[in-house]
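Novice: Can you read through this structure? Questions will come right after.
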Amino acid sequence: MEIPFCTGGGSYITMDGKSSTAKGFGNFFLAVPWPWHLALAVAGYLILHGLAVREIPLPGQSPEETALYAHRLVWKTAASLFQFILPGAFGLAAIFSFRRAGKRR
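Note that the numbering used here has the sequence shown beginning at 32, numbered continuously upward.
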C-alpha cells in the first residue's frame, strides 16, 4: 500500500521511499518500445565511437593551443568511456521494456 506525503517541493514520496516524479519517469522511459532502445544504443555507439577515434593534433607552444588540446582530450576521453556505457544502459532499458511489453500481453 502506497500512501503519498508531500515533501514541500511539489513532488510526493511514497511509503516505499520512491518519489512520484522518479516513478513517472521510469514508467515513461519503459513505455518506449524496445526496438527504439536498441536503435538508440546503436546510434549512440556509432556517434561516440566516431568522436573517440578522431586524431587530436599536438599543440604548438601557445597557451591557447594547449588549452584547446586539453579541451579536445577531455571530450575524447568522455566519448571513449560513454561509447560503452550509454549503449549498455539502452540495452538494459530494451530488456526491461521487452519484459514489460510481454507482461501486458
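Beta carbons are placed, not taken as given, at the ideal position from N, Cα and C, and that holds for glycine.
Applying the 10 Å Cβ sphere with the 16-neighbour rule, what's the burial state of alanine 72?
Specialist: buried
Novice: Identify the continuous alpha helix (DSSP H) that holds glutamine 114 and give its terminal residues.
Specialist: 94 to 135
Novice: Just the C-alpha distance for phenylalanine 121 and isoleucine 87, rounded to the nearest angstrom, thanks.
Specialist: Those two C-alpha atoms are separated by around 29 angstroms.
Novice: Beta-carbon within less than 6 angstroms of proline 118's beta-carbon, same chain only, minus the 5 sequence neighbours each way: which residues are those?
Specialist: So the list reads Ala72, Gly75, Tyr76, once near-sequence residues are dropped.
Novice: Please state whether the Cβ-Cβ distance between serine 111 and alanine 83 is less than 7 angstroms.
Specialist: yes
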